[in-house]
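Order-wise, the sequence lines are chains A and B. The opening position of the first sequence corresponds to residue 1 in the numbering used here, with each subsequent residue numbered one higher. The opening position of the second sequence corresponds to residue 1001 in the numbering used here, with each subsequent residue numbered one higher. The structure appears below as structure tokens.
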Amino acid sequence: MATEIVIPKLGMTMEKAKVVEWSAQEGDWIEEGQAVLVIETEKVTHEVEALASGFLHILLGPGTEAAVGEAVGLLAESKEELSALQAERPAAEGAGGPSEAAASASTKPSPESAGAKPGGGSDRKIKISPAARKIARAHNLDIALIQGTGPGGRIKKEDVEKFLEQGGKPAATEAPVPSEDTWDGEVVDGKRVKASLPLAGIRGAVAEHMHRSLAVSAQLTTMGEFDATELVRLRQSLVEKEAELGVRISYTDIMVYALARALKKNPIINSSIVGDAVKLWEDIHIGVAVSLQWEEYDAGLIVVVVKHADRKSLVEISRAIKDLKTKAREGRIGLDEVTGGTFTLSNVGVFGQGYTFSTPVINQPESAILGIGGILDRPVVVEGEIVVRKIMNFNLTFDHRVINGGPAGKFLNDLGELVSNPYLLLVP
Amino acid sequence: MRELMYLQAINEALAEELERDEKVFLIGEGVQTGTFGTTTGLVDRFGPERIMDSPLSETAIAGVAVGASMLGYRPVADLMFADFMYVCADEIFLKAAQWRFMHGGLQTLPCVFMANIGAYRKLGNEHSQCPFSLVLRSPGLKLAAPSDPYDAKGLLKTAIRDNNPVVYFFHKGLLGMSGPVPEEDYTIPFGQAVVRREGDDVTVVAPSFMGFWAIAAAEELKDRFSVEVIDPRTLEPLDLDTILVSVRKTGHLVILDEDTERCGFAAELAMQVMEKAFDDLDAPIKRVCAANYPIPGGVMEKYVIPQPEQVMAAIEEVMA
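Now the structure itself:
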């Protein structure tokens, strides 16, 4: 009885895989446990080992896809059985050996797969003695460039000293510069891959959302500056009262408070297209973009929503944002706390990159988003004099399907008035 | 300076201490005759009450030493072969070693357990042991292991004057070795290693008889490597500083130990060096010890105990 070689289920969501390469040829004798096949699934490659010994009969060639559990090859117990199987169902295209499809596959097969050696990848760790490492660290050397002459290629103290004598630069002929030949990681389109981040979870959601937003709406960005001198003063006095207020008021908090008032006066900005109508929302729910913790290469982004921001006091807004941020960063935020917004604020000033402008992308199905930068000392002309003022730049992206330049300008004027003269916030 | 043999240096140290302090006495099997010459003739000077021949019972010898030391005497218990310490293990390793701790430091036990160690004489398993680790893993015991006549005398005198139990291992392969020994009174403090040969490339730590192999290997390899040889002299207390200074200079360490390899002095020292000087090591530490095996009698013993070729191979390996 022939034994099947099937596509294994490697993950909960895995449904199918692509045959990248067969490590043996049609008719070859395969030992149990031998790596016989390389498959690829969602950018991950995997070696499949034979579960029994036998003569290999390949059913599916490189480049073809197969479902989990599907047999892609058979292991015949005898030559006779192999012949019978071959007669019943001819070997797949390219079963004679590694095909062009395999050669052009996105992943370069590891030496192990070619050599049919089961088990893990090659040891890429560089062997170096503690004494040698100490010197290399002291001189900030890249030990990958140092040729080791000790047992098993171990880098010795002497090797590092020699390397330093040669000016710390690798000798042109002997230095092993990492090349594609020695790279056993992934290679895509001739470029070596440092890391592969799955387009899933938050990254996937952001990707999908941003692209769709630009595809479905007509976005236009207006940029400019607000004079935030008085706003800084106000915020400072509030921060001094942190103990009494029980909360440290941030610029984001004040801006949400001011936006709620400005939006109330400009309902067209606080709207969405639903079906064939523009719905102006009575409720003012302001989303606040929150950057999550940095992982190795990426930081997540999530928009938390302050419901009924127009009905909340500054302290309530501040508490709500802090609470939502904490929940978001601890991964326990609820769906209703990140949906239902009518307008979004993105304060990139916290990243501290200085005086920059950007074009925020609308958080669908809203009609506008305000990006604000850090507050910096800038020269401005006041009553014919060049003076230094605290300047906050703004970037308002709005959906031109809904909002024309006029209403957008009016909204920015109203908001700018509140920012430059925040005492007006006392007047409802 | 006059020269004495190792065994004569031991004999002279005993005589001088017996002379100096009437509380000092010697007990053991055949000490009046002196099996190795180390105690021969002492009975003529100090009488049978201070040079006591015991029955054939190591338990009795060690028991007398422990009891007498508690009463203010300074006994030297001659156990002849270190292999026989297993017979009186309780007296040495639990009672003598630990009673001072058990009595809150109030009770001193100034006794010396003297015994010969080592193989290379084809004497078989129970007359060839070198049980360093047995002593080292018993808290409360000091361990001296002289490798020349000068140290043999100086360390034994320090041992007898110490208020704590000391194990004094003299090597049977060194008994006939001659060397300079001063006539005036001197002692060698415990915990002071000595650099027997200076070198820059590799450190070889070699206690007792192993120093012989180390020096021989250093000489043999001198055109290729500059070998530094260190004799710890006492394994407890151990002069780790001298060893660390050397390892920091050379970056390479070979440890010789005639005792059985597993859980031995070499293993312990290698670990301590790793803890204190990891970043100074340029190669893994190598040890040359007796195999984890009983010591066979006759010519077969060479397949178990350390050989000079192994010492050279170890030096070459760490220098590879």
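Note that the Cβ used here is the ideal one computed from N, Cα and C, for glycine as well.
Start and end residues, alpha helix (DSSP H) containing residue i
i	result
B/Gln1272	Phe1265 to Ala1277
B/Ala1015	Tyr1006 to Arg1020
B/Glu1258	No alpha helix (DSSP H) contains B/Glu1258, which is instead part of the beta strand (DSSP E) from Leu1253 to Thr1260.
B/Gln1310	Pro1308 to Val1318
A/Gly27	No alpha helix (DSSP H) holds A/Gly27; DSSP gives it neither H nor E.
A/Phe411	Gly405 to Ser420
B/Thr1158	Pro1149 to Arg1161
A/Met255	Tyr251 to Lys265
A/Lys312	Unbroken run through A/Lys312: none, as it is neither H nor E.
B/Lys1249	Leu1240 to Thr1250
B/Ile1051	That residue, B/Ile1051, is in no alpha helix (DSSP H); its beta strand (DSSP E) goes Ile1051 to Asp1053.
B/Arg1045	Leu1042 to Phe1046
A/Glu242	Glu242 to Leu245
From the options, residue whose alpha carbon lies closest to that of residue i
i	options	result
A/Ile273	A/Gln364, A/Asp377 and A/Gly373	A/Gln364
A/Lys127	A/Leu74, A/Val160 and A/Ser23	A/Val160
A/Val387	A/Ile403, A/Tyr257, A/Asp227 and A/Gly341	A/Asp227
B/Pro1110	B/Phe1084, B/Ala1062 and B/Ala1217	B/Ala1062
A/Ile261	A/Lys322, A/Gly406, A/Asp310 and A/Ile391	Before going further, note that residue 261 of chain A is Arg rather than Ile in the sequence given. Ranking the options by Cα distance to A/Arg261, first place goes to A/Asp310.
A/Gly373	A/Ala84, A/Glu158, A/Gly349 and A/Phe55	A/Gly349
B/Asp1231	B/Pro1182, B/Gly1251, B/Gly1191 and B/Glu1220	B/Gly1191
A/Thr45	A/Glu21, A/Gln34 and A/Ser53	A/Glu21
B/Val1064	B/Leu1042, B/Cys1088 and B/Met1080	B/Cys1088
A/Pro8	A/Trp29, A/Val38 and A/Ser23	A/Val38
A/Val278	A/His139, A/Gly287 and A/Ile268	A/Ile268
A/Phe357	A/Gly371, A/Thr344 and A/Phe351	A/Gly371
B/Leu1106	B/Gln1098, B/Phe1113 and B/Val1273	B/Gln1098
A/Ser78	A/Glu47, A/Arg203, A/Trp29 and A/Ile58	A/Trp29
A/Ile58	A/Ala24, A/Val48 and A/Val187	A/Ala24
B/Phe1081	B/Val1031, B/Phe1101, B/Asp1044 and B/Arg1100	B/Val1031
B/Met1085	B/Val1043, B/Glu1058 and B/Tyr1073	B/Glu1058
B/Pro1189	B/Ala1159, B/Ala1290 and B/Asn1164	B/Ala1159
Beta-bridge partners of residue i, as assigned by DSSP
i	result
B/Arg1197	B/Val1229
A/Lys279	A/Ser272
A/Leu370	A/Leu345 and A/Leu396
B/Lys1142	B/Val1166
A/Gly287	A/Val305 and A/Thr344
B/Ser1178	B/Met1005
B/Lys1113	The residue asked about is misnamed: residue 1113 of chain B is Phe in this sequence, not Lys. Bridge partners of B/Phe1113: B/Ala1077 and B/Val1167.
A/Arg389	A/Arg378
A/Trp294	A/Ala299
A/Ile47	Here residue 47 of chain A is Glu; the residue named in the question, Ile, does not match the sequence. According to DSSP, A/Glu47 bridges with A/Val38.
A/Lys134	A/Lys134 pairs with nothing; no bridge assigned.
B/Ala1206	Its beta-bridge partners do not exist; DSSP assigns none.
The beta strand (DSSP E) enclosing residue i, as first and last residue numbers
i	result
B/Leu1026	Val1024 to Gly1028
B/Tyr1168	Val1166 to His1171
B/Leu1235	Thr1234 to Glu1236
A/Thr3	Thr3 to Val6
B/Ala1217	First-last for B/Ala1217: Met1210 to Glu1220, but that is the alpha helix (DSSP H), not the beta strand (DSSP E).
B/Val1135	Looking at the DSSP string, B/Val1135 is not in any beta strand (DSSP E); the run it does join, the alpha helix (DSSP H), is Phe1132 to Leu1136.
B/Ala1290	Lys1286 to Ala1290
Any chain E beta carbon closer than 8 Å to residue i
i	result
A/Ala138	Of the protein chains in this structure, namely A and B, none is chain E.
For the structure I just gave you, are there three or more beta carbon pairs, one from the region 1301-1309 of chain B and one from the region 1199-1218 of chain B, closer than 8 Å?
Output reads yes: the region 1199-1218 of chain B touches the region 1301-1309 of chain B.
Specify whether the region 1168-1176 of chain B and the region 1293-1304 of chain B touch according to this definition: at least 3 beta carbon pairs, one from each stretch, less than 8 Å apart.
Counting C-beta pairs closer than 8 Å gives fewer than three between the region 1168-1176 of chain B and the region 1293-1304 of chain B, which falls short of the contact rule.
Is there contact between the region 14-21 of chain A and the region 52-68 of chain A, where contact requires at least three CB pairs shorter than 8 Å?
At 8 Å Cβ cutoff, the stretches touch.
Beta strand (DSSP E) runs contained entirely in the region 55-92 of chain A, provided each spans 3 or more residues
With a minimum length of 3 residues, the continuous beta strand (DSSP E) runs that stay inside the region 55-92 of chain A are 65-67 and 71-76.
Of all the beta strand (DSSP E) runs that stay within the bounds of the region 1060-1099 of chain B, which reach a length of 3 or more residues?
Within the region 1060-1099 of chain B, the complete beta strand (DSSP E) segments at least 3 residues long are 1074-1081, listed from N- to C-terminus.
Going along the chain, which unbroken runs of the beta strand (DSSP E) with 3 or more residues stay wholly within the region 159-231 of chain A?
Correct list: 219-227.
Quick one: any contact between the region 299-310 of chain A and the region 410-428 of chain A, if contact means 3 or more CB pairs under 8 Å?
Counting Cβ pairs under 8 Å, fewer than three are found: no touch.
Any chance the region 1137-1156 of chain B sits against the region 1228-1241 of chain B, with 3 or more Cβ pairs inside 8 Å?
With a cut-off of 8 Å, the region 1228-1241 of chain B and the region 1137-1156 of chain B count as touching, because enough Cβ pairs lie within range.
Determine, using beta-carbon pairs with one atom in the region 186-196 of chain A and one in the region 375-385 of chain A, whether at least three such pairs fall under 8 Å.
With fewer than three CB-CB distances shorter than 8 Å, the region 186-196 of chain A does not count as touching the region 375-385 of chain A.
Within 8 Å, do at least three Cβ pairs link the region 1020-1037 of chain B to the region 1192-1205 of chain B?
These segments do not touch.
The region 227-239 of chain A / the region 289-298 of chain A touching (three or more Cβ pairs under 8 Å)
No: the two stretches stay apart, fewer than three of their Cβ pairs being nearer than 8 Å.
Segment contact, 8 Å Cβ cut-off, at least three pairs: the region 1239-1257 of chain B with the region 1199-1206 of chain B
Three or more Cβ pairs closer than 8 Å define a contact, and the region 1239-1257 of chain B meets that threshold against the region 1199-1206 of chain B.
Would you say the region 1215-1226 of chain B touches the region 1260-1269 of chain B, given that touching needs at least three Cβ pairs under 8 Å?
Cβ pair count under 8 Å is below three, so no.
Does the region 316-331 of chain A touch the region 249-263 of chain A, meaning 3 or more C-beta pairs lie closer than 8 Å?
These segments touch.
Kindly confirm or deny that the region 199-210 of chain A and the region 328-337 of chain A touch, where touching means at least three C-beta pairs closer than 8 Å.
Contact fails: fewer than three Cβ-Cβ distances are below 8 Å.
Pairs of beta-carbons, one from the region 1274-1287 of chain B and one from the region 127-142 of chain A, closer than 8 Å: are there three or more?
The region 1274-1287 of chain B vs the region 127-142 of chain A: in contact.
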